[in-house]
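Please read the structure below before turning to the comments.
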Amino acid sequence: MQRSVCIVAAALALYGASCFVMPCMMGAAPEAGRQAVREQALVAAPEAASASAGSWSPLALGAALGLLVAVATGRPALAADLENGESVFGANCAACHAGGNNSVVPEKKIKKEALVTYGKYDVAAIIKQVTYGNGSMPAFGERLGPDDIEDVANYVFGQADKW
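Under UniProt numbering, the first residue of the sequence shown is numbered 1, with each subsequent residue one higher.
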């Protein structure tokens, strides 16, 4: 599948590049005949303009198809990677927060009810808590990268009502 997409993309790129090639007639005209060619071009210009106005530009078509492929096959920007969040949670958080519980301070669970009670049922609040820590929870801002923290925060937010 990917090979066929690459072949189609290469063909469209080559076809789109053809709009940058000068017409053969202009380069082949001798110096004395260039004026005659220019006069013919000026006379034929209104006819050519009306004929080319309805035709597709290869460059525009190539750009549109390239944009379509990029948008259709690309991952959404800033999408949370929940699988990564789950693995980061398992490696760093599950020792104290297995199953949404809290083994250090039992009333401060990471289940939805407790997060709502303490004003933490928000991805931004969870990111702040994980990054800077609070109370008996240590800060993970220096141990984990911002993307990992965002992923684990989205994972916790998504799991809070399931635990």
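Ideal Cβ placement from N, Cα and C applies to all residues, glycine included.
The three-state reading of DSSP puts Asn134 in strand, counting E and B together. Between Thr131 and Gly141, the C-beta gap is smaller than 8 Å, which places the two residues in contact. A straight-line Cα-Cα distance of about 28 Å links Val5 and Asn84.
The beta carbon of Lys109 lies closer than 6 Å to those of Gly100, Asn101 and Asn102 in the same chain, with the five residues before and after it left out.
Secondary structure of Tyr118 (DSSP, three-state): coil. A straight line joining the alpha-carbon of Leu67 with that of Thr73 spans about 10 Å. Here the alpha carbon of Val123 sits roughly 42 Å from the alpha carbon of Ala13.
DSSP places Phe89 in the helix class (H, G or I) of the three-state scheme. For the pair Trp163 and Lys111, the Cα-to-Cα distance works out to about 6 Å.
Within the same chain, Pro58 and Gly62 come within 7 Å of Tyr15 by CB-CB distance, once the 5 residues on both sides are set aside.
Per DSSP, Leu144 is not a residue of any alpha helix (DSSP H), being assigned neither H nor E.
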